[in-house]
Each structure stands twice: as structure tokens, then as C-alpha cells.
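Taking it in order: structure first as C-alpha cells, then the write-up.
Residue numbers (our numbering): 10 to 678.
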């Protein structure tokens with residue numbers, strides 16, 4: 010016999026106690042049929058075991074032992090009961106939604122900026138995003154559906170239209186129903202916690218669209234190992250003419266490749282030396298190892314140009330027909346220049362190798378600017394009475410660069426440049442004579458700065474160097490004991506190569522003049538001077554530009570014709586165009602806000618139902634509605650079996666939930 014049958018029907022307090030006892034004794038419904046001598050006390054112990062399983066390691070071990078004793082099937086029944094109890098399912102679903110969002114973020118972070126992943130057929134990055142978006146909607150949907158369904162029972166705690174039951178039911182099942190419920194609340198002018206859930210339900214339906222906008226695609230560059238690009242560099246340049254090694258001529262013959270480069274630079278300079286100093290970068294995009302913008306160092310050719318008209322060491326004389334200038338160069342040699350009455354430019358170089366100069370060549374130029382005068386109806390040119398003196402030098406240097414190749418054009422940034430020191434010592438174990446040789450305390454290997462440590466012992470991989478000391482009289486004295494440096498720590502420019510270059514510049518610039526023979530016609534004695542004198546002027550920027558073009562062309566030859574060959578060149582990485590994943594993170598704000606609203610909604614309904622026993626949380630269960638009785642005076646007069654009739658009756662009937670005497674009733678008000 011039921012306990013309730015023994016109670017006085019008018020004793021409401023006794024009925025409440027029985028209701029509470031029935032809620033508390035819900036676990037007794039979990040009968041363990043396959044356990045001998047099963048009783049209610051044993052069932053309560055099973056529930057206690059479930060609650061105790063995560064309290065400690067010992068508790069979990071006790072629970073496992075209990076499952077082995079009674080059987081896994083009964084344990085699953087207990088777990089299923091706890092899954093339906095309270096808000097366990099909804100909380101787990103919310104955690105599942107957050108985990109799905111976190112998993113999506115991890116997947117996108119791993120593949121951001123990388124090529125499209127090569128996954129098995131039909132699996133793409135977009136399909137993975139869709140899967141995670143679906144998981145988020147599933148997790149959020151469970152929370153929203155159950156939560157909105159539960160709030161309708163609170164809504165009917167006070168008399169409301171019976172038709173509101175359908176509004177809440179539709180809102181718990183679709184975004185359209187949630188939108189209609191929001192519209193209903195806005196017209197009614199009331200705010201209810203269900204509005205948060207309805208808004209989250211509408212947003213959840215758009216999660217897939219916004220999630221797909223997160224992934225975009227763009228062209229990008231990725232390493233390609235099929236080719237190894239290289240940039241030319243050298244530590245030692247010795248290249249001279251073909252006859253230089255046979256001592257056929259008293260002076261070293263210049264290298265023909267260097268002569269060609271000098272003339273091209275003077276008459277038709279090249280802006281881009283990519284094809285000359287790089288190789289095997291077929292994609293047009295290559296990177297090279299570097300640190301703080303430094304990739305490599307190499308022997309090169311530098312230049313300087315300056316106006317020396319006002320220097321004290323220069324003496325100038327003028328007469329009615331000629332202008333004279335006397336100059337002392339850095340080695341003490343006297344250079345005399347004279348400019349005739351019809352001469353525009355006169356140039357001189359050091360006539361022959363004197364001592365050990367600090368440059369490959371030094372060009373001195375004296376010129377008289379033209380001025381324009383009126384001669385009857387015509388404007389003619391005439392020589393000015395003022396003269397100008399220029400000095401330009403080319404010298405071996407040690408240049409440090411940062412390098413990359415973009416769009417098939419090499420981009421070199423000069424980080425540091427220093428002159429190579431003149432070197433007079435000829436006791437070289439390798440048999441090579443250098444006019445310039447410098448030992449450095451550090452070098453750059455594969456973009457990394459490395460210290461150079463000399464040794465006093467010879468080795469096949471080391472280069473000989475005699476340390477110089479400058480005396481008071483300006484001469485250099487070299488140590489008898491040689492130091493041996495790693496090959497990439499010594500930087501040299503060969504004696505024969507330097508002499509050949511100096512000889513060629515003397516041929517084209519020494520004792521050369523540019524003469525004005527008539528007022529309206531010019532006759533050029535030197536085609537090389539013509540390139541220096543353009544637009545009827547020989548200004549310093551123009552001369553410096555020409556010398557810069559010459560030094561760039563000579564540097565390209567030095568780097569590609571180094572003694573070490575291709576094996577010494579800097580190796581890099583070629584980049585090829587491909588399609589990469591580009592993540593637009595702001596689009597993830599929408600699903601994040603959706604999950605946040607769902608969490609707020611879940612917390613709100615948990616707090617709202619905190620005083621309700623777990624077995625009284627009907628949520629979306631249709632059984633609660635089936636067990637309800639509707640008391641209405643006109644019920645017999647209306648054919649409620651018809652759907653339209655039921656809708657009309659629902660729209661005109663206000664009801665509330667009554668739970669007295671152990672039965673559920675929707676009482677018309």
C-alpha cells in the first residue's frame with residue numbers, strides 16, 4: 010500500500026513530507042536484480058559508491074571493486090540515473106561545446122600561415138571546421154533546449170495563456186521558434202531569463218556560417234628543397250690576365266672580364282646584378298641565413314669621390330692661356346694637372362705603381378665649368394675663369410651584406426664596409442702574393458657571427474698571415490712568425506689583379522683631356538671623359554654616380570671570380586608559391602559569444618531551480634504534460650480533439666500549474 014494512502018487528505022504538511030521522501034528515495038528505484046540478497050540498503054550503497062568514486066584514488070579503486078562485484082551493467086544503470094539527475098547532462102554538454110571551440114582554435118592555430126594540409130581524400134580544413142561547428146551547436150543545443158523547456162514551468166507558476174506552452178515548446182526546438190518567442194517578449198514588454206536562451210538559440214543557428222568565414226586562403230611562399238640557391242662571395246680575389254702568369258709583360262695584364270665590366274659600367278651601367286651574383290633561384294623568391302640583418306661578408310671594391318679645390322696641399326696657378334694644379338697623393342707622389350685655354354677637363358692617375366698605395370687607382374680631374382654668353386643673335390658657350398678639382402679612388406674593401414631575393418631581383422643591404430689593408434709581405438706559403446690582406450677577429454658563417462682564432466701551427470685548412478706593425482716613418486714592418494687563420498677569416502686582393510686594374514685605369518684616364526675647339530662644337534679626346542662630363546657640366550654627384558657604377562660592376566666580378574669557386578658561395582632556401590591557410594580570428598567572436606550566452610543562461614536556470622528536487626526538473630519531458638489535467642468549464646463544449654480548436658481554446662485560456670495532492674493540474678483562471 011502507498012504511504013500517501015495512509016495520510017489524511019486534509020493534512021498538507023504530511024503530504025509535503027511524503028513528497029520530499031519520494032524525491033530523496035529516487036535511488037531506491039535502481040534495483041540490482043543480479044545481486045543476491047539485494048535490498049534498498051544495498052541500492053543506497055551503490056549510489057554512495059558512485060558519488061564517492063572521484064573523491065580520492067582510494068575511492069575510485071573502491072568503486073572499481075564494487076563494479077566488479079555487482080557487474081558493469083548495474084554500474085551503467087547507476088551512471089545513467091546520475092546522468093538524468095539535476096543538470097549533469099546540460100553541464101557536460103556545455104563543457105563539450107567549449108571543448109569543441111578550444112579544439113577548433115588549436116587546429117586553426119596549428120595550420121595558420123601554412124600550406125593547405127594534405128589530409129586523406131574528401132577531408133579538408135573547411136570540413137574540419139564544419140565538424141567542430143556542428144559539435145558546438147550540438148553541445149549548445151542540448152543546454153538551450155532543456156533550459157528553455159524548464160523555464161516554461163516557471164512561466165506557468167502564475168496564470169498565463171495556455172498558448173504560451175506551445176511558444177516555449179517551439180522555442181526549445183528551433184531558431185525560428187526562439188525568434189518568435191523573443192518577439193513575443195518584446196511585445197509583452199517583459200524580460201525573462203528565457204530571452205537569453207532564445208537569443209543564444211538564434212545565434213547558434215548561425216554558428217556554421219560565421220565559423221566558415223574564419224578560414225580564408227591566400228598565396229604564400231613555402232620552402233622548396235628541389236633547388237639550392239646561391240649568392241656569390243669570396244675571401245680572396247687573384248684573377249689577372251692570361252699572360253700575367255707567364256711574365257711575358259713587365260706589368261701584370263688586366264683580366265678581360267674585369268675590363269668588360271668597367272667599360273659596361275661607364276657606358277651602359279647595369280642596375281641589377283641578380284643574374285651575375287646569384288644562381289638557382291628559379292622561383293624568384295629565396296631567403297638566406299642571417300642574424301640581425303647580416304648574411305655574409307665578401308671581398309669587394311669600394312669608392313670615394315670628393316672635391317679638393319680648397320685643400321691646402323693643392324697649389325693652383327693661372328695665366329692667360331693655362332691653369333695649373335699640383336697635388337701630392339697619399340704616397341707622396343706629385344701629380345701635376347694643366348688645363349689649356351680650350352680644355353674643359355684634364356685627368357691624371359698615378360703613372361705607375363709607386364710603393365704600396367692604399368687604392369687600386371686614384372683619378373684626379375681638373376675642369377673648368379662652361380658659362381653661356383650672348384654673341385650677337387646667338388647664345389654661345391665660353392670657358393669660365395674658375396676651375397674645380399676632383400679626386401676619386403677605387404679600393405678593395407670588405408663588405409658585409411644582408412641579402413634576399415624577391416621577384417627575381419636580389420636585394421642586398423650593405424651592413425658594414427671597411428678597407429682592406431695594404432700588404433707588402435711576400436712570404437706566403439701558398440705562393441700567392443697579395444697587395445691587400447686583412448685578418449679579422451670574426452667572420453660570418455651561414456648568417457652567424459663566429460670568432461676567428463689564429464694558430465701558430467700550419468694546417469691545410471688555414472691561411473698564412475704576418476701581422477703588420479706601422480713604424481714612425483709610415484712604413485710597415487711584418488712579424489717573422491706567421492699566424493695561421495681559418496680561410497674565411499683572411500680577406501685578400503691579389504698583387505697581379507690589383508696591378509692589372511691599376512694599369513687599365515691609367516690607360517683610360519691618365520693624361521686625358523676634353524677640349525672645346527669651337528664655341529658651338531665640342532671635340533672629345535676621350536670617350537670615357539665624355540661620360541663624366543654630361544649636360545655641359547662635371548658636377549660631383551655625376552662623377553660619384555659613375556664611380557659607384559664602376560665599383561658595383563667590379564665587385565660583381567670579384568665575387569664571382571674568387572679563388573674558392575662556387576663551393577664558397579652562400580647557400581639559401583628557395584621559396585615557391587603555394588596556397589596557405591589564412592585565419593581570420595575576429596570571426597570566431599560570434600561562436601564565442603554564443604557559448605558565453607549559453608553559459609550565462611545555464612547558470613541562471615540552475616540558480617532559478619536550485620530549490621527544486623532533481624526529480625521535479627521536468628525540462629523537455631513530454632510525460633509531464635501528459636500527466637497534467639486541464640480543468641476548464643467549457644471543456645465539454647469544445648471539440649478539443651481538433652488542432653485548430655485546441656489552439657483557439659489555448660489562446661483564450663489562462664492556466665497555472667497546480668501540484669497539490671500528488672497530481673498535476675493546469676487550472677483555468
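Yeah, the Cβ is synthetic: ideal placement off N, Cα and C, and Gly gets one too.
Residue nearest to residue 514 in terms of C-alpha spacing, selected from 368, 178, 102: 368
Excluding sequence positions up to five away, which residues of its chain have a Cβ less than 8 Å from the Cβ of residue 457? 298, 300
Give the C-beta separation of residue 305 and residue 410 to the nearest angstrom, bearing in mind that I take them to be a contact with Cβ-Cβ under 8 Å. 6 Å
Rank 604, 108, 622 by C-alpha distance to the C-alpha of residue 149 and give the top, closest one. 604
Starting from residue 451, follow its DSSP beta bridges and name the residues at the other end. 460
Flag this pair as touching only if the stretch 279 to 297 and the stretch 342 to 357 have three or more C-beta atom pairs under 8 Å; answer yes or no. no
Range of the contiguous alpha helix (DSSP H) that encloses residue 159: 134 to 164
Local Cβ density within 10 Å of residue 418, reported as buried at 16 or more and exposed below that: exposed
If I'm right that residue 103 touches residue 152 with Cβ under 8 Å, what's the distance once you round it to whole angstroms? 5 Å
If we count the other Cβ atoms within 10 Å of its Cβ and call it buried at 16 or more, is residue 451 buried or exposed? exposed
What's the C-alpha gap between residue 475 and residue 465? 11 Å
In chain order, what residues of the same chain have a beta carbon less than 7 Å from the beta carbon of residue 42, not counting five sequence neighbours either side? Because the pLDDT at residue 42 is just 36, under 50, the model does not fix this residue reliably, and the value given afterwards should be weighed accordingly. Nothing meets the Cβ criterion.
Measure the C-alpha to C-alpha separation of residue 598 and residue 615 and round it to an integer number of angstroms. 26 Å
Whole-Å CB distance - residue 168 paired with residue 663, under 8 Å assumed: 4 Å
Helix, strand or coil: how does DSSP classify residue 181 here? coil
Supposed close pair residue 415, residue 124 - CB separation, criterion 8 Å: So it is not a contact: roughly 20 Å between Cβ atoms.
With DSSP as the reference, label residue 427 as helix, strand or coil. strand
Quick one: is residue 129 buried, meaning 16 or more other Cβ sit within 10 Å of its Cβ, or exposed? exposed
Report all residues from its chain with a CB closer than 6 Å to the CB of residue 190; omit the five preceding and five following residues, and keep chain order. 176, 180, 207
CA-to-CA distance, residue 480 to residue 241, given in whole angstroms: 37 Å
Where residue 266 and residue 494 are concerned, what is the direct C-alpha to C-alpha distance, given to the nearest angstrom? 30 Å
Contacting residues, own chain, Cβ-Cβ under 6 Å from residue 144 (five flanking each side not counted): 109
Do you know offhand how far residue 595's Cα is from residue 111's? 15 Å
With which residues is residue 402 paired in a DSSP beta bridge? 313, 371
I need the boundaries of the beta strand (DSSP E) containing residue 337, first residue and last residue. 332 to 337
Assumed close pair residue 95, residue 626 - CB separation to whole angstroms, cut-off 8 Å: 7 Å
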